[in-house]
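In the working numbering, the protein residues as written are 16 to 171.
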């Protein structure tokens, strides 16, 4: 028998609430999505005034991070160095190459993907000194903080 480890709905709601609480202290509304390890949506919310495009982007970022098992920021960086890398996504239109998606892994080994978190509505990540205010939590950082805080060794 095969056992699939996944976030529960209750755990996904905690993640969504944490992201929204943290985001409400900053500038700009966001959308947040949480998926199971296969990229299927478990929980979703969007703050009032969130850009319409950000709704689907949050879902796609969560999907991508869960399916690939790595932050979408890594994929964004890879696209910058390998411009042909996105051609691999032709078979899957949900893959997203912008920062803001982070996988949630088990607390014991950090290798079992339990789901993905996607945040969209701000910049994909904190930019350098020439590119903007580093004090603002952007999409990637909001997702990463929530993933780090979600330590559930018992997720099944």
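Even glycine gets a Cβ: it sits at the ideal position worked out from N, Cα and C.
Euclidean distance between Cα positions of residue 148 and residue 137:
Only weak support exists for where residue 148 lies, its pLDDT of 49 falling under 50; the value from the coordinates is given anyway. Rounded to whole angstroms, residue 148 to residue 137 spans 12 Å at the Cα level.
On the criterion of 16 or more Cβ atoms from any shown chain inside 10 Å, does residue 155 qualify as buried, or is it exposed?
Classification of residue 155: buried, given that the 10 Å Cβ count is 16 or more.
Using DSSP with H/G/I as helix, E/B as strand and the rest coil, what is residue 48?
strand
Spatial neighbours of residue 120 within its chain, please: C-beta separation below 7 Å, excluding the five flanking residues on both sides.
126, 127, 128 and 129
Whole-angstrom distance between residue 60 and residue 41, CA atom to CA atom
17 Å
Could you tell me whether the Cβ atoms of residue 19 and residue 132 are closer together than 7 Å?
no
Tell me, to the nearest whole angstrom, how far the beta carbon of residue 81 is from that of residue 51; I am working on the premise that it is less than 8 Å.
7 Å
Answer yes or no: do residue 116 and residue 77 have a C-beta to C-beta separation smaller than 7 Å?
yes
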